[in-house]
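Step one of this worksheet: look at the structure below.
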Amino acid sequence: MRSSTWAYMAGEALASLRRNRFMTIASITTVMLCLLVLGAVYTFTCNVAKLAEVAEAQVEIRAYLSPKVDEKALRAIQEQLKQIPGIQSFEYISKEKALERMKQQFGDKEGLLDGIDKINPLPASFEIKVAEPSMLSGVAETVKALSGIDEVDYQKELVDKLLLVTRTMRFGSVLVVVGLGVVTIFLIANTIRLTVYARRKEIAIMKLVGATDSLVRIPLVLEGVLLGVVGGIAAGLINNVVYAYVFKTVSSSMPFIPLVLPQAVNGKVLAITAGAGIVIGMVGSVVSMRRFLRI
Amino acid sequence: MRSSTWAYMAGEALASLRRNRFMTIASITTVMLCLLVLGAVYTFTCNVAKLAEVAEAQVEIRAYLSPKVDEKALRAIQEQLKQIPGIQSFEYISKEKALERMKQQFGDKEGLLDGIDKINPLPASFEIKVAEPSMLSGVAETVKALSGIDEVDYQKELVDKLLLVTRTMRFGSVLVVVGLGVVTIFLIANTIRLTVYARRKEIAIMKLVGATDSLVRIPLVLEGVLLGVVGGIAAGLINNVVYAYVFKTVSSSMPFIPLVLPQAVNGKVLAITAGAGIVIGMVGSVVSMRRFLRI
Amino acid sequence: MGPLIRFVDVTKVYENNCTALRGINLSIEKGEFVFITGASGAGKSTLLKMIYGEEFPTSGRVIVDSWDVSKIPRKKLPYLRRSIGVVFQDFKLLPDRTVFENVAFALRVTDASRLAIRRRVPAVLELCGIKDKSNCRPDELSGGEQQRVSLARALVNNPILLVADEPTGNLDPDTARGIFALLEDVNDMGTTVIVATHAQAMVDHMRKRVVTLRDGILQGDEARGIYRA
Amino acid sequence: MGPLIRFVDVTKVYENNCTALRGINLSIEKGEFVFITGASGAGKSTLLKMIYGEEFPTSGRVIVDSWDVSKIPRKKLPYLRRSIGVVFQDFKLLPDRTVFENVAFALRVTDASRLAIRRRVPAVLELCGIKDKSNCRPDELSGGEQQRVSLARALVNNPILLVADEPTGNLDPDTARGIFALLEDVNDMGTTVIVATHAQAMVDHMRKRVVTLRDGILQGDEARGIYRA
Ligand SMILES: Nc1ncnc2c1ncn2[C@@H]1O[C@H](COP(=O)(O)OP(=O)(O)OP(=O)(O)O)[C@@H](O)[C@H]1O
Ligand SMILES: Nc1ncnc2c1ncn2[C@@H]1O[C@H](COP(=O)(O)OP(=O)(O)OP(=O)(O)O)[C@@H](O)[C@H]1O
Ligand SMILES: [Mg+2]
Ligand SMILES: [Mg+2]
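Protein chains in written order, with my numbering: chain A, 16 to 310; chain B, 16 to 310; chain C, 604 to 832; chain D, 604 to 832.
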């Protein structure tokens with residue numbers, strides 16, 4: 016095709032968007048709203064994943080030292096712990112610190128535990144964080160085998176529960192995003208099909224006058240792409256602005272809730288919405304046109 | 016209008032759905048998918064509210080008894096607690112029980128605390144649940160004033176955080192449902208507008224042949240209502256089945272997660288989706304028709 | 604009683620500034636048979652559209668029966684249109700209904716009974732020679748067949764006024780003659796008939812009143828006239 | 604070289620079991636001017652539609668130029684259609700484009716240059732007497748004007764074959780005469796012209812080949828014939 020034909024097709028796509036203003040507005044808002052929801056759910060999902068991660072990072076192994084362990088033996092154990100793969104970090108909790116913590120747990124009423132001070136039945140211990148919650152039992156075994164370690168405890172039940180929940184959360188949110196993605200594709204494709212359907216007679220006329228499939232299809236596909244890109248970018252930007260605001264509000268009033276940084280997620284959201292807009296707009300118009308081109 | 020005209024209009028709505036099969040399918044799927052998402056989010060929201068409620072129910076006041084309190088004084092305090100409005104329930108924790116609990120908190124290593132047994136520095140206490148977390152401070156004050164109560168503690172900071180989070184969750188989920196409701200209205204109305212738009216020429220012809228607005232409008236509105244009701248009920252039923260399944264799965268594998276009973280939410284979801292379908296279908300078609308009737 | 608239709612100083616300027624009619628003054632009595640002639644684009648269709656309220660005058664007044672069409676309230680318009688049968692130049696058939704349903708629709712708008720519809724529609728289809736196509740949709744018909752469906756719809760509820768815009772443009776001379784004979788019959792039974800047409804031979808043969816437009820101006824109005832453009 | 608168009612035992616039965624053509628055998632040489640006549644519903648439009656591939660024969664073969672239209676691959680169809688100019692009975696104008704754009708579209712499909720479009724389109728609009736409506740959309744035109752736009756579009760890329768289905772049904776006799784003169788000119792310059800028409804006076808006056816259909820059967824084929832239906 017000569018370049019003026021390409022120029023014509025591009026111009027035609029734009030002109031058609033202008034002429035069918037009603038349908039243009041209807042489809043852009045549809046694309047935008049669908050992708051807005053998709054983007055929002057994706058952002059939410061990222062935060063769920065982050066929450067799961069933070070929760071898992073709380074999990075730790077407590078290794079109680081035998082009372083016989085002296086300063087030198089302690090250092091030896093520390094050296095050994097550093098060698099064990101899967102241990103991310105560990106902290107030594109002396110007998111005194113353990114008692115202090117216990118008192119704190121009982122709030123203001125420290126005086127009540129005063130009697131215990133002289134005895135201090137609490138053992139010294141290590142608090143060990145592992146890189147992956149799944150490594151817990153392995154690391155626990157290894158640590159238990161070290162000489163000087165009396166007992167190892169990692170609240171297996173609680174950890175198992177936690178892992179079950181976080182895994183379900185991750186799986187559930189992937190499921191939700193995929194499901195919503197499918198819904199979005201359907202909704203946008205449906206709208207584009209309706210706009211193409213509304214023009215089936217024009218398509219037939221063009222074909223009868225001798226237009227090739229491409230000459231009919233390219234402007235319409237361009238139209239679909241333009242609808243998709245405008246709606247998608249709008250959805251992405253709105254999402255970005257709103258999330259930045261939510262992040263600011265929540266992290267100032269509830270700093271203890273771990274949120275994903277806007278910088279970390281906004282780019283992806285924009286890419287997803289714009290990308291989905293383009294692809295669905297294009298594929299949607301190509302597919303919906305097919306049957307009307309058979310003339 | 017005579018009854019045969021009404022019959023005609025009803026028949027016409029059905030016939031039109033059949034004739035425009037393509038648009039019928041497109042709009043029913045749109046209605047269904049939109050309301051599916053709305054229903055799912057509503058169900059999720061109910062569970063968020065439940066979670067918040069359960070979390071808030073964990074909040075309790077601990078009132079420590081002075082060591083001087085004897086059997087009779089204890090009974091007097093219990094009587095007084097029963098009178099205080101805002102207290103939902105309370106439990107007496109004796110010194111022995113307190114110690115036992117502490118031992119449990121330290122897991123397997125009970126032996127280590129053996130020495131403490133003879134002393135038992137822990138005080139007896141009441142665990143008090145209030146009806147509303149907002150009543151906490153008031154109830155705490157009242158309880159503290161009782162004779163025989165040494166100290167009152169309710170982890171104010173933690174409770175404040177919790178209340179902030181649960182309140183935000185509740186507010187957030189209302190916002191999400193409302194926002195998504197608006198999106199749903201737009202999406203469905205858009206689709207219905209496109210289908211009405213596709214028939215603007217037919218509407219014009221009917222008007223030119225002498226049809227009143229009602230004769231054109233009623234069948235089209237009936238169509239919109241049918242689309243809405245079918246899509247809405249389908250969405251509601253799918254939601255119900257899926258949630259029943261999710262509930263069964265989660266409550267058997269993760270019984271510690273508090274989920275709303277399907278019986279408690281499914282009816283509402285069905286009512287919401289079917290209701291929204293009908294209303295949006297009806298209003299959507301009435302509104303989109305208006306400009307095409309001016310002929 | 605005055606004339607059935609009166610145009611008083613009617614001018615029509617379309618939105619694109621195209622002036623279709625200029626200062627038209629015209630009276631048509633009840634029971635008349637009038638041909639409207641004129642070259643393509645002279646304003647014949649525009650004139651007819653003002654009678655049944657598809658277009659409204661930019662200035663001047665159009666009075667039909669007791670209605671002032673130029674300022675009829677939207678609510679009343681359907682009642683005016685029902686009393687007028689219109690054969691549209693472009694047929695205006697409902698594309699996804701059968702021939703029967705298309706014709707029946709003009710009865711349904713008048714809230715006619717089921718029985719009336721079942722009796723009247725086939726009779727009119729027979730009259731227009733398309734009874735065998737009752738169950739076809741318009742896009743399954745030839746051009747001339749569609750035109751006759753449009754005519755059948757215009758006749759079906761015995762209008763007091765029949766407005767036909769080029770009702771035989773797609774018909775062979777024989778069929779056209781039949782249609783004109785039909786229009787004459789309808790007129791004989793009291794219906795006022797206004798026909799915009801290019802069928803010179805028919806106009807010349809029938810010797811009815813001929814109103815001629817040229818460039819939107821009323822150029823001629825002869826009682827027993829012949830075709831002029 | 605054989606004839607430009609050949610119908611061999613062509614029968615057309617539409618999906619609703621309506622038989623539009625039965626065993627048609629017909630040859631049209633390059634450069635001929637042929638009228639197709641016949642009553643409304645005789646099958647004229649169906650016959651024409653088979654030439655440019657809007658409908659395909661149920662049995663038999665249709666050969667146009669070097670193409671076997673009855674089994675042309677979908678990909679090739681546009682190229683056949685471009686070499687044929689068609690005036691559709693129902694005009695088939697693109698509703699949301701101007702007259703200029705509608706006519707230009709038939710050039711665009713041939714990948715014509717911008718210059719060619721700017722030169723050729725106004726010339727053809729002039730020829731058909733609708734140059735002053737260049738910037739109007741079809742719904743701003745009278746019936747006859749739309750018909751002439753359809754004609755202009757058919758002529759614009761100098762087709763080797765012009766197929767006109769009732770091209771003067773909405774035109775006054777004077778304008779119609781002009782159009783027929785135009786068709787004769789085009790024919791004189793070498794284009795084969797096939798016209799389905801009910802314009803008895805014109806057919807009788809021009810004395811060209813007349814092919815007559817009746818109920819889908821080829822009823823007559825006279826070299827210098829007169830109108831028959
Ligand atoms: N909707 C419209 N908008 C703008 N201009 C219009 C419109 N309808 C008609 N016109 C113009 O008004 C003039 C008269 O049109 P009209 O349809 O009345 O002609 P007509 O006499 O019926 O012609 P024909 O015999 O070709 O049907 C024409 O020049 C036409 O272009
Ligand atoms: N798409 C279709 N589906 C079914 N039947 C059709 C279809 N098109 C035409 N017909 C039927 O085929 C027959 C021939 O139609 P055609 O359009 O060829 O007639 P025609 O000679 O052009 O008539 P006219 O002069 O009225 O235009 C008619 O009886 C018509 O009802
Ligand atoms: Mg006209
Ligand atoms: Mg025809």
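Built from N, CA and C at the ideal position, the CB exists for glycine as well.
Return yes when at least one heavy atom of ligand 4 lies under 7 angstroms from the C-beta of K647/D, else no.
yes
My understanding is that G828/D touches R812/D, with C-beta atoms under 8 angstroms, so please give their C-beta distance in whole angstroms.
6 angstroms
Taking one C-beta from the segment 611-624 of chain C and one from the segment 632-640 of chain C each time, how about it: are there three or more such pairs within less than 8 angstroms?
no
Is the segment 784-802 of chain C in contact with the segment 756-771 of chain C, if contact means three or more CB pairs nearer than 8 angstroms?
yes
So, helix, strand or coil for I627/D, using DSSP?
strand
Bridge partners for T640/D per DSSP, in chain order?
T815/D
Counting only C-beta atoms, is Q119/B closer than 8 angstroms to chain A at any point?
no
Local Cβ density within 10 Å of S673/D, reported as buried at 16 or more and exposed below that
buried
Excluding the five sequence neighbours on either side, which residues of its own chain have a C-beta within less than 7 angstroms of the C-beta of N790/D, listed in chain order?
F636 and V796
For the beta strand (DSSP E) containing Q103/A, list its first residue and its last residue.
I102 to I108
Using DSSP with H/G/I as helix, E/B as strand and the rest coil, what is G153/B?
helix
Can you give me, in chain order, the residues of the segment 726-753 of chain D that have a beta carbon less than 9 angstroms from any beta carbon in chain C?
G732, I733, K736, N738, C739, R740, E743, L744, S745, G746, G747, E748, Q749, Q750 and R751
Closer than 7 angstroms between beta carbons: that is the criterion. Which residues of the segment 699-729 of chain C meet it against chain B?
D699, F708, A709, R711, V712, D714, S716 and R717
Nearest-angstrom Cα distance between V667/C and I687/D?
48 angstroms
When DSSP builds the beta bridges, which residues end up paired with R77/B?
E142/B and D168/B
9 angstroms Cβ cut-off: residues of chain B touching K695/C:
K216, A219, I220, L223 and V224
Which of the residues in the segment 30-53 of chain B, read from start to end, lie with their CB under 9 angstroms from any CB of chain C?
A30, S31, R34 and N35
Can you say whether P776/C is buried or exposed, counting buried as having 16 or more other CB atoms within 10 angstroms of its CB?
buried
Assigned exposure category for D123/A - 16 Cβ within 10 Å defines buried
Unreliable placement is indicated for D123/A, whose pLDDT of 45 sits below 50; the coordinate value is still reported in the next sentence. That one is exposed.
Runs of 4 residues minimum, wholly inside the segment 757-817 of chain D: which ones carry the alpha helix (DSSP H) assignment?
776-791 and 803-809
Name the chain C residues that come within less than 7 angstroms of S19/B, Cβ to Cβ?
S716 and R717
Helix, strand or coil for S268/B? Go by DSSP, reduced to three states.
helix
Could you tell me the alpha carbon to alpha carbon distance between G243/A and T58/A, rounded to whole angstroms?
20 angstroms
Can a CB atom of chain A be found closer than 8 angstroms to the CB of Y258/B?
no
Which of the residues in the segment 236-248 of chain B, read from start to end, lie with their CB under 9 angstroms from any CB of chain C?
none
Alpha carbon to alpha carbon, how far is A91/A from D85/A?
10 angstroms
Tell me which residues of the segment 799-815 of chain D have at least one Cβ-Cβ distance to chain C shorter than 8 angstroms, keeping chain order.
H801, Q803 and A804
8 angstroms is my cut-off, CB to CB: does A70/B come that close to chain A?
no
Count the other CB atoms within 10 Å of the CB of H808/C; is the residue buried (16 or more) or exposed (fewer)?
exposed
I'd like to know if S268/A contacts chain B, where contact means its C-beta is closer than 8 angstroms to some C-beta of that chain.
yes
Other residues of its chain near R305/A: CB distance less than 7 angstroms, five sequence neighbours each side excluded:
none
For R77/A, count neighbouring Cβ atoms within 10 angstroms of its own Cβ and tell me buried if that reaches 16, exposed if not.
buried
Alpha carbon to alpha carbon, what distance is there between I627/D and P770/D?
23 angstroms
DSSP three-state label for S669/C, please.
coil
Assuming contact is defined by CB atoms lying nearer than 8 angstroms, are L624/C and L650/C in contact in what I supplied?
yes
Using a Cβ-Cβ distance under 8 angstroms, would E769/D count as near chain C?
yes
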